[in-house]
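S.K.: Just so we're aligned, residue 10 is where the sequence shown starts under this note's numbering, counting upward by one.
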Amino acid sequence: MSERKGIFFSLDALFAIFILLSLVLLLSLLSFDSISEEMAMVSMHAQSGDAIDTMAKTRLGDIGSEQIARHLYSENLFELSDNNKTLLDVVGALWVTNYSQNISLASNVSRLLEPLLPPNVNWAFLIDNYTLYNTSPLGEGYFVTGVSRRLASGYRLSEPVIGFVARAFLSTIRGRQASAYVFYGGFVGQGNLTTYIRNIPSNSTISNIYAEFNLGSDAELYINGAHCSSLIKSPGDYAVDNWTLPGCTGSILPGEDNEFIIQFTDSNASKHFVGGGFIRITYDTEQMAPPVTNSMRYYFPGINGIINLYDSFYVPGNISAMSAHLHFKSDQETFLNIGNHRVMTAVGNESTQTIDIDDATLSSMLDYQNISLITVPLRMGIIANDTGDANLSNADVILITDISGSMNWRIGYDDSYPGTIRDCDDPALFNSDTQRLALAKCVDKSFINIVLNASGSRVGLVAFSTTANNYDGLTNNSAYLESRINSYSAGGGTCICCAINRAHDMLNSQSYEGRRKYIIVMTDGIAGYRCTNSGGWVIDSSPTSYSRYGLDMLGEQGQSVGSSGRIVRRSGGSWSMQTSPTSRTLYAIDLRDSTHGFAVGYRGRIIEWNGASWSIDSSPTSRTLYGISYASDSRAFAVGYRGRIIEWNGASWSIDSSP
10 MSERKGIFFS LDALFAIFIL LSLVLLLSLL SFDSISEEMA MVSMHAQSGD AIDTMAKTRL
70 GDIGSEQIAR HLYSENLFEL SDNNKTLLDV VGALWVTNYS QNISLASNVS RLLEPLLPPN
130 VNWAFLIDNY TLYNTSPLGE GYFVTGVSRR LASGYRLSEP VIGFVARAFL STIRGRQASA
190 YVFYGGFVGQ GNLTTYIRNI PSNSTISNIY AEFNLGSDAE LYINGAHCSS LIKSPGDYAV
250 DNWTLPGCTG SILPGEDNEF IIQFTDSNAS KHFVGGGFIR ITYDTEQMAP PVTNSMRYYF
310 PGINGIINLY DSFYVPGNIS AMSAHLHFKS DQETFLNIGN HRVMTAVGNE STQTIDIDDA
370 TLSSMLDYQN ISLITVPLRM GIIANDTGDA NLSNADVILI TDISGSMNWR IGYDDSYPGT
430 IRDCDDPALF NSDTQRLALA KCVDKSFINI VLNASGSRVG LVAFSTTANN YDGLTNNSAY
490 LESRINSYSA GGGTCICCAI NRAHDMLNSQ SYEGRRKYII VMTDGIAGYR CTNSGGWVID
550 SSPTSYSRYG LDMLGEQGQS VGSSGRIVRR SGGSWSMQTS PTSRTLYAID LRDSTHGFAV
610 GYRGRIIEWN GASWSIDSSP TSRTLYGISY ASDSRAFAVG YRGRIIEWNG ASWSIDSSP
């Protein structure tokens with residue numbers, strides 16, 4: 010029978026903590042074959058001393074990449090300013106709170122010693138006779154063979170670590186600096202990503218935003234719908250880049266769920282991912298401490314593309330119950346794994362699915378004890394067909410491309426200045442001065458390669474300007490299609506409906522029953538034509554090149570709102586500029602009659618029409634509004650970002666409860 014061994018830690022605390030590391034042997038099995046008992050004890054003492062020295066010298070900042078450290082930061086138990094605290098100080102600070110979840114975290118920190126000790130040695134970590142972590146019981150038949158002690162002053166159970174001699178009562182604070190995070194796990198893709206940072210106190214002042222990612226390609230970052238920054242990736246697959254973004258702090262809404270969208274710019278969808286990273290918001294607040302709860306929640310990132318998620322979540326205590334809520338849309342079979350167990354499989358369809366998994370179901374599949382106090386792997390993805398073509402086989406697709414005169418302009422501007430024509434492999438392709446049509450050609454060709462990679466699929470082309478007479482029938486010849494795309498040149502008007510009608514006719518005449526049929530439209534959105542009942546078109550001259558988002562007509566008269574607050578009015582058969590009281594983008598308009606109307610837009614902007622001019626109304630919300638309905642003379646409703654609903658009672662606006 011082999012020897013049974015153990016190492017024992019003890020922390021005796023009055024106003025100081027003694028750290029004791031001892032090796033424990035079973036007396037009845039004590040045997041030293043090749044060395045003396047005295048030398049064995051010296052060796053064990055040296056090993057325990059080295060281990061406890063390491064814990065006394067290792068600082069919190071040295072383990073910043075460990076999951077336990079990330080959890081301590083995200084729960085605001087420690088700040089970045091605590092990076093110089095030793096692991097012994099971290100254990101002591103957590104233990105003295107006498108709070109079960111913090112004591113569990115202290116136990117997890119002490120477990121970092123395990124790789125430093127011999128594999129055949131059992132050990133325990135005690136604080137003032139309280140067992141923090143133990144790999145074997147101590148009892149009759151065991152004895153201590155080596156001891157190492159350390160003193161950590163200033164700690165006592167259920168007593169504060171920092172105090173003052175004077176008596177004081179703290180009712181409020183002038184402020185403290187704190188941080189809120191959103192983390193991106195091992196692989197989050199593949200598509201544009203949406204995440205949220207929550208729980209920023211409503212009285213906070215935002216001081217900085219910091220982002221750090223391993224990106225698959227260059228991307229644009231949007232915060233609550235507003236563009237924040239371009240994220241330019243460094244060369245290499247393993248590059249980790251970081252950005253400090255103080256100029257975007259004004260987009261953060263304290264007290265709200267703040268939306269972050271990473272929109273990738275590369276035409277290759279396989280590069281639309283984050284291979285790990287985080288966003289941190291730093292803020293000053295008068296809130297003394299975040300509320301303590303006995304539950305934790307993992308939020309899935311939003312993936313607008315192909316669901317392909319490898320992530321994890323940390324369980325800071327023992328699981329008593331667990332549930333899951335999933336909301337997704339996928340035409341492929343979709344699955345969710347927790348640990349190494351598949352807990353959900355859903356058949357793909359064209360509708361949005363909502364799936365709830367209750368505790369009874371999860372507890373029957375998972376051993377809660379095995380996934381408590383550890384980091385648990387999580388995997389969500391799709392099961393595509395064998396060809397990996399995302400169900401594009403047997404598909405007929407008409408790709409419509411705008412080649413009107415505005416496609417000669419620059420992609421990053423609303424003016425008519427000509428853009429720079431660039432090749433698809435040019436690193437500057439996505440620069441703001443690139444010609445719109447040049448970029449559209451590259452996207453067209455990438456799209457064709459993806460679709461025709463699926464066996465049996467076909468693509469047809471329609472290029473439109475004033476008319477849609479430039480078209481090519483369905484084919485699987487990618488070289489021919491690319492040559493036709495290369496011949497596109499910009500000029501003429503923008504008859505979008507002409508192109509859609511043409512594509513519809515092509516599918517009716519060239520496709521057949523049993524094949525999937527798609528029409529894809531690519532345009533810069535500045536239309537100058539409208540359809541008549543007979544299918545013909547009449548050119549309407551527009552007084553602006555700014556994008557239009559909302560339109561309401563009262564017979565032959567009406568108004569349109571859009572980018573940068575621009576308002577145009579139609580009267581007497583022509584359009585003219587209308588004086589606007591705002592420079593914020595307006596997304597919707599509703600005219601009750603010729604003398605009453607509302608328009609709504611960015612950051613809760615509301616303007617009112619009195620028959621002669623527009624004026625700004627007081628708004629009860631700072632969330633962007635996307636829709637407006639003038640229901641009656643004394644009632645109107647507007648809706649917007651994150652479920653916001655507001656109501657007008659004939660005199661003022663107020664927030665309605667949203668389900």
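Note that beta-carbon positions come from the ideal geometry of N, C-alpha and C, so glycine has one too. All values derive from a computational prediction rather than experimental measurement.
State buried or exposed for Ser603, treating a residue as buried only when at least 16 other CB atoms are found within 10 Å of its CB.
M.R.: Exposed, by the Cβ-count rule.
S.K.: Which of helix, strand or coil does DSSP assign to Arg614?
M.R.: Arg614 falls in the coil class under three-state DSSP.
S.K.: Which residues mark the beginning and the end of the alpha helix (DSSP H) in which Phe309 is found?
M.R.: Here Phe309 belongs to no alpha helix (DSSP H), and DSSP marks it neither H nor E.
S.K.: For His513, name the three-state secondary structure that DSSP assigns.
M.R.: Helix.
S.K.: Does DSSP classify Asp432 as helix, strand or coil?
M.R.: Reduced to three states, the DSSP call for Asp432 is coil.
S.K.: How far does the alpha helix (DSSP H) with Asn251 in it extend, from its first residue to its last?
M.R.: Premise fails: Asn251 lies in the beta strand (DSSP E), Asp250 to Thr253, not in any alpha helix (DSSP H).
S.K.: Count the other CB atoms within 10 Å of the CB of Gln568; is the residue buried (16 or more) or exposed (fewer)?
M.R.: Gln568 should be labelled buried.
S.K.: Can you tell me the Cα-Cα spacing of Glu692 and Leu448, whole angstroms?
M.R.: Limits of the chain in this structure are 10 at one end and 668 at the other, which puts residue 692 out of reach.
S.K.: Measuring CB atoms only, is the segment 364-373 touching the segment 381-392, in the sense that at least three cross pairs come out at less than 8 Å?
M.R.: Not touching, per the Cβ criterion.
S.K.: CB-CB under 6 Å to Leu86, same chain, minus the five flanking residues each way: which ones, in chain order?
M.R.: Closer than 6 Å at the Cβ level, and outside the excluded window around Leu86, lies no residue.
S.K.: Closest by CA to Asn111, which one among Leu121, Val99 and Leu122?
M.R.: Minimum Cα distance to Asn111 is reached at Val99.
S.K.: Apply the 10 Å Cβ neighbour rule to Ala281 and answer buried if 16 or more other Cβ atoms are within range, or exposed otherwise.
M.R.: In the sequence under discussion, the amino acid at residue 281 is His, which differs from the Ala named in the question. So His281 ends up on the buried side.
S.K.: Tell me the rounded alpha-carbon separation between Gln341 and Val356.
M.R.: The straight-line gap from Cα to Cα measures roughly 7 Å.
S.K.: How about Ser260 and Cys237: do their beta carbons lie closer than 8 Å?
M.R.: Yes.
S.K.: Ile430: buried (16+ other C-beta within 10 angstroms of its C-beta) or exposed?
M.R.: So Ile430 ends up on the exposed side.
S.K.: What did DSSP end up calling Lys526 once you bin it into helix, strand or coil?
M.R.: It is a strand residue.
S.K.: Per DSSP, what are the beta-bridge partners of Arg578 in this structure?
M.R.: The partner list for Arg578 (beta bridge, DSSP) reads Gln568 and Ser585.
S.K.: Using the three-state DSSP reduction, which class does Val452 fall into: helix, strand or coil?
M.R.: Correct three-state label for Val452: helix.
S.K.: The beta strand (DSSP E) that contains Ile290, what's its start and end?
M.R.: Note, Ile290: beta strand (DSSP E), Phe282 to Thr294.
S.K.: Using the beta-carbon count (16 or more within 10 Å), is Ser413 buried or exposed?
M.R.: Burial call: buried.
S.K.: Tell me whether the beta-carbon of Ser216 lies closer than 8 Å to the beta-carbon of Asp293.
M.R.: For Ser216 and Asp293, yes; Cβs fall inside 8 Å.
S.K.: If I measure Cβ to Cβ from Asn358 and keep anything under 7 Å in the same chain, skipping five residues before and after, which residues do I get?
M.R.: Around Asn358: Asp340.
S.K.: Count the CB pairs spanning the segment 93-108 and the segment 64-77 that are closer than 8 Å, and state whether there are at least three.
M.R.: They touch, by the three-pair rule.
S.K.: From the DSSP output, which residues share a beta bridge with Tyr142?
M.R.: Beta-bridge pairing links Tyr142 to Phe134.
S.K.: Got a sec? Which residues, its chain only, sit under 6 Å from Ser592 by beta carbon, not counting five neighbours each side?
M.R.: Closer than 6 Å at Cβ, skipping near neighbours: Ser573 and Gly574.
S.K.: Helix, strand or coil: how does DSSP classify Asn458 here?
M.R.: Helix at Asn458.
S.K.: What is the DSSP secondary structure of Met416, reduced to helix, strand or coil?
M.R.: The answer is helix: DSSP assigns Met416 an H, G or I state.
S.K.: Please list, in chain order, all residues of the same chain as Tyr639 whose beta carbon is under 8 Å from its beta carbon, the five residues on each side excluded.
M.R.: Result list for Tyr639: Asp599, Leu600, Arg601, His605, Gly606, Phe607 and Ala645, in chain order.
S.K.: Apply the 10 Å Cβ neighbour rule to Ser543 and answer buried if 16 or more other Cβ atoms are within range, or exposed otherwise.
M.R.: Caution is warranted here: a pLDDT of 47 is assigned to Ser543, below 50, making its placement in the model unreliable, and the coordinate value is therefore given only provisionally. Counting Cβ neighbours within 10 Å, Ser543 comes out exposed, since fewer than 16 surround it.
S.K.: Within 10 angstroms of its Cβ, does Tyr489 collect 16 or more other Cβ (buried), or is it exposed?
M.R.: Classification of Tyr489: exposed, given that the 10 Å Cβ count is below 16.
S.K.: Can you tell me whether Tyr650 is helix, strand or coil according to DSSP?
M.R.: Reduced to three states, the DSSP call for Tyr650 is helix.
S.K.: Taking Cβ to Cβ, would you say Thr633 is nearer than 8 Å to Gly610?
M.R.: Cβ distance < 8 Å, so Thr633 and Gly610 count as in contact.
S.K.: Let me make sure I understand the geometry here. Which of Pro436, Ala404, Ile392 and Asp533 has the alpha-carbon closest to that of Gly523?
M.R.: Here the closest residue by C-alpha is Ala404.
S.K.: Please say whether Met305 and Ile407 have beta carbons closer to each other than 8 Å?
M.R.: No, they are not a contact pair.
S.K.: Just the Cα atoms here: how many angstroms apart are Tyr231 and Leu122?
M.R.: Taking the straight line from one Cα to the other gives about 42 Å.
S.K.: At the level of alpha carbons, what is the spacing between Asn208 and Ser226?
M.R.: Those two C-alpha atoms are separated by around 30 Å.
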